[in-house]
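Residue numbers (mature numbering (1 follows the signal peptide of the UniProt record, and there is no 0)): -24 to -1, 1 to 516.
Note sheet for the following structure.
Right, dumping it as structure tokens:
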């Protein structure tokens, strides 16, 4: 039986969850608190709301078997708020608050697909830092850079009269999320941008923000921070999504993946990385850094892990709702040949629903990944944070579930079971796009085996505590295995202050020997053929 269409199931799963809140159109108002506004009248808001609710009922995984959402408190509250005109950004925040209260799903949300540079920001860097026991954290707000208004390491007492505790609670109520680690890892630009500051009432009538800070134990007088035009950061725009460095002083190789993008660039850098690792007898520790990765194409995981283990391993279960819109946007998933192939592999398929067990997922990916003749035999670790989300979360989960390596850092931004396979719709009368999750992925909780949060002291010292921990263990010569719930210092190993500069490697031509390069090329070629055949990209 031809199994090619089977790939389309995962190919359509767009779980990237970058939130953006910005206006594509503007209207001048007399209100000094926000310079760029688009007004949505009450009738337009109602039509947009009805559109979102109807699409949700028809296709969302969570509403399978549900006939109406009108009796749900968040929906009733939203309807009651539609009697007056609203700014575009305010309407978006209120819609997201409704969706958050309905589903507690970070993937189902509304957002504007346009340039964040249209907003002004205050000149500060604000970072959340956890204190307290795992699962019972409180969140402090810290200045993470030096500006004219604050210094690195300053505690933020209040922003616009709002305490960090109250601000974090506002985030919980408004931003679609699944756990606090996701909220604490939202991009720093959010907390300092004018639409956010205005919506949460932190701007004064002159468009300034009163910030109170604590420094060296003393609370300082409030400073009034003005909004400034946002400029593009060319360095950020040119930062590659994948790179690596060789830390020779600690015999460690770090593969940094900030987006799960499966393309030629990924393959070139990964090939060069494994060439450097496997040809260097000094390297006995490989690290994958997923701390800034919000997801994308899951196929990067099995391709990379083919150099860690040749053994088969379990992936994850998926439950998928089938609807008219889902089939319209991903027709290959509703093709009879695809459904027959899924059934033959052990999936349960009906006209409205399908369940794909982990064994089927594993069977599918096995022949598609490159089979390296040589695998890495040293220690393998994955760095995680609250930003680690979606496909990156699944990458880390597969490593932990199958004991392929050790997770180091803080918990990921997903819950064990989360939603995906997004379909998207333009929302009438707005510049919003509605992203709707149509499937559920079943997995285990992903808490790091070694919990190492970033502290205020780390920010002050500009340190990378997670990577420093791994490097210090390796350079100390410790053979003690990394174990669950371990914390730095458990084994008596001191921090490594070795200042040897790392060797940063840019992607160049592959220097893998013929057996390695041909294995990679064969696997990549097979995936490319599938992708080109169906005009799709594997994204989870």
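We put the CB at the ideal spot given by N, CA and C, even for glycine.
All of these numbers come straight from a predicted model, not from anything done at the bench.
Q: Alpha carbon to alpha carbon, how far is residue 70 from residue 58? Give it in angstroms, no decimals.
A: Along the chain shown, read from residue 1 onward, the residue named residue 58 stands at position 82. Along the chain shown, read from residue 1 onward, the residue named residue 70 stands at position 94. Cα to Cα, the separation comes out at about 10 Å.
Q) Are the region 245 to 265 and the region 432 to 447 in contact at 8 Å, needing three or more beta carbon pairs? A) Output reads yes: the region 432 to 447 touches the region 245 to 265.
Q. Sorry if obvious, but does the Cβ on residue 324 come closer than 7 Å to a heavy atom of the ligand PLP?
A. Of the ligands one can find in the structure shown there are none, so the ligand PLP has no counterpart to examine.
Q. Span of the alpha helix (DSSP H) holding residue 336?
A. Translated into the one-based positions of the chain shown, residue 336 becomes position 360. Secondary structure note for residue 336: its alpha helix (DSSP H) is the uninterrupted segment 334 to 341.
Q.
Just verifying my parser: in three-state terms, what is the DSSP assignment at residue 378?
A. Numbered from 1 along the chain shown, position 402 holds the residue referred to as residue 378. Coil at residue 378, not helix or strand.
Q. Under three-state DSSP, which class holds residue 258?
A. Translated into positions along the chain shown, residue 258 becomes position 282. Residue state, collapsed to three classes: coil.
Q. By Cβ distance below 6 Å, which residues in the same chain neighbour residue 172 in space, the five residues on each side in sequence not counted?
A. Your numbering for residue 172 matches position 196 in the chain shown. The residues are 166.
Q: Could you tell me the distance, in whole angstroms, from the CA atom of residue 276 to the CA atom of residue 234?
A: Stepping through the chain shown from its first residue, residue 276 is reached at position 300. Stepping through the chain shown from its first residue, residue 234 is reached at position 258. A direct Cα-to-Cα measurement between residue 276 and residue 234 gives close to 12 Å.
Q.
Looking at residue 135: is its Cβ nearer than 8 Å to the Cβ of residue 406?
A. In the chain shown, counting from the first residue as 1, residue 135 sits at position 159. In the chain shown, counting from the first residue as 1, residue 406 sits at position 430. Cβ distance not < 8 Å, so residue 135 and residue 406 don't count as in contact.
Q) Do residue 314 and residue 324 come within 8 Å of each other at the CB atom, strictly closer than that value? A) Against the chain shown, residue 324 aligns to sequence position 348. Against the chain shown, residue 314 aligns to sequence position 338. Going by C-beta atoms, residue 324 is not nearer than 8 Å to residue 314.
**Q.** Cβ-based burial, residue 18 [other Cβ within 10 Å; buried from 16]
**A.** On the chain shown, position 42 is the one that residue 18 refers to. Classification for residue 18: exposed.
Q. Does DSSP classify residue 438 as helix, strand or coil?
A. Within the chain shown, the letter at position 462 stands for residue 438. In this structure, residue 438 counts as coil in the three-state DSSP scheme.
Q: Classify residue 527 as buried or exposed, calling it buried when 16 or more other Cβ atoms lie within 10 Å of its own Cβ.
A: Lying outside -24 to 516, the shown extent of the chain, residue 527 is not represented and no answer is given.
Q) My guess is that residue 220 and residue 245 are in contact by the Cβ rule of under 8 Å, so how many angstroms apart are they, rounded? A) Taking the first residue of the chain shown as 1, we reach residue 220 at position 244. Taking the first residue of the chain shown as 1, we reach residue 245 at position 269. Yes, they are in contact, since the Cβ atoms of residue 220 and residue 245 sit about 7 Å apart, within 8 Å.
Q) Are there three or more Cβ pairs, one per stretch, closer than 8 Å when the region 296 to 310 is compared with the region 23 to 40? A) By the Cβ rule, the region 296 to 310 counts as touching the region 23 to 40, because three or more pairs are nearer than 8 Å.
Q) Taking the beta strand (DSSP E) that residue 14 falls in, what are its first and last residues? A) What you label residue 14 is simply residue 38 of the chain shown in a count that begins at 1. It is not in any beta strand (DSSP E) - residue 14 carries neither H nor E in the DSSP assignment.
Q | Same chain only: Cβ atoms within 8 Å of residue 60, ignoring 5 sequence neighbours per side | A | Position 84 of the chain shown, counted from the start, is the residue given in the question as residue 60. Within the same chain, Cβ atoms closer than 8 Å to the Cβ of residue 60 are found at 18, the five residues on either side in sequence being excluded.
Q) Taking Cβ to Cβ, would you say residue 144 is nearer than 8 Å to residue 82? A) The residue labelled residue 144 in the question sits at position 168 within the chain shown. The residue labelled residue 82 in the question sits at position 106 within the chain shown. When the beta-carbon positions are compared, residue 144 and residue 82 stay at least 8 Å from each other.
(Q) Closer than 8 Å is the cut-off here; do at least three beta carbon pairs connect the region 224 to 240 with the region 119 to 129? (A) In this structure the region 224 to 240 does not lie against the region 119 to 129, because fewer than three pairs of beta carbons, one per stretch, are closer than 8 Å.
Q: For residue 412, collect the residues of the same chain with a Cβ closer than 8 Å to its Cβ; drop the 5 residues on either side in sequence, then sort them by chain order.
A: Position 436 of the chain shown holds residue 412. Hits under 8 Å: 31, 32, 35, 36, 84, 398, 399, 400 and 401.
Q: Quick one: which unbroken alpha helix (DSSP H) runs of 4-plus residues sit fully inside the region 227 to 277? Chain order, please.
A: Taking only runs of at least 4 residues, the alpha helix (DSSP H) segments lying wholly in the region 227 to 277 are 240 to 254.
Q) Does the Cβ of residue 65 have 16 or more other Cβ atoms within 10 Å, making it buried, or fewer, making it exposed? A) Within the chain shown, the letter at position 89 stands for residue 65. When all chains shown are included, residue 65 counts as buried.
Q) Taking Cβ to Cβ, would you say residue 366 is nearer than 8 Å to residue 432? A) Counting from one through the chain shown, the residue named residue 366 turns up at place 390. Counting from one through the chain shown, the residue named residue 432 turns up at place 456. Judged by their CB atoms, residue 366 and residue 432 are not nearer to each other than the 8 Å cut-off.
Q. Taking residue 438 as the reference, which of 79, 55 and 120 has the closest Cα?
A. The residue given as residue 438 occupies position 462 in the chain shown. Check the Cα spacing between residue 438 and each of 79, 55 and 120: the tightest is with 120.
Q | Neighbour-count burial assignment, residue 110, 16 or more Cβ in a 10 Å radius | A | The sequence position of residue 110 within the chain shown is 134, counting from 1. Flag for residue 110 reads exposed.
Q) Per DSSP, what kind of secondary structure is residue 397 in: helix, strand or coil? A) What you label residue 397 is simply residue 421 of the chain shown in a count that begins at 1. DSSP places residue 397 within a strand segment (E or B) once states are collapsed to three.
Q | Candidates 151, 147, 240 and 133: closest to residue 199 by CA position | A | For the purposes of this step, residue 199 is taken as residue 223 along the chain shown, with counting starting at 1. The option with the nearest alpha carbon to residue 199 is 133.
Q: Check each candidate in 247, 352, 141 and 311 and name the one with the smallest Cα separation from residue 257.
A: Within the chain shown, residue 257 is the residue found at index 281, counting from 1. Cα-wise, what sits closest to residue 257 is 352.
Q) Whose CA, out of 283, 26, 226 and 389, lies closest to the CA of residue 254? A) For the purposes of this step, residue 254 is identified with residue 278 of the chain shown, where counting begins at 1. When 283, 26, 226 and 389 are compared, the shortest CA-CA separation from residue 254 is found for 283.
Q: Check the C-beta distance from residue 372 over to residue 358 and give it rounded, since I have them as a contact under 8 Å.
A: Position 396 of the chain shown, counted from the first residue, corresponds to residue 372. Position 382 of the chain shown, counted from the first residue, corresponds to residue 358. Between residue 372 and residue 358 the beta-carbon gap is near 5 Å, inside 8 Å, which marks them as a contact.
Q: Closer than 7 Å by C-beta to residue 203: which residues in its own chain qualify, once you throw out the five before and the five after it? Chain order, please.
A: In the chain shown, the residue the question calls residue 203 occupies position 227. Once the five neighbours on either side are set aside, the close Cβ partners of residue 203 are 96, 97, 98, 170 and 183.
Q | Span of the alpha helix (DSSP H) around residue 174 | A | In the chain shown, residue 174 corresponds to position 198, counting from 1. In the DSSP assignment, residue 174 falls within the alpha helix (DSSP H) that extends over 170 to 175.
Q. Can you give the beta carbon distance from residue 23 to residue 404, rounded, assuming they're within the 8 Å contact cut?
A. Within the chain shown, residue 23 is the residue found at index 47, counting from 1. Within the chain shown, residue 404 is the residue found at index 428, counting from 1. Contact holds; Cβ gap of about 5 Å.
Q: Determine the extent of the alpha helix (DSSP H) in which residue 143 is found, giving its start and end residues.
A: Residue 143 sits at position 167 when you count from the first residue of the chain shown. Run containing residue 143: 140 to 150, per the alpha helix (DSSP H) assignment.
Q) How should residue 149 be labelled, buried or exposed, when 16 other C-beta atoms within 10 angstroms of its C-beta is the threshold for buried? A) Counting from one through the chain shown, the residue named residue 149 turns up at place 173. Exposed is the call here.
(Q) Taking DSSP's pairing of strands, which residues face residue 199 in a bridge? (A) What you label residue 199 is simply residue 223 of the chain shown in a count that begins at 1. Answer is 187.
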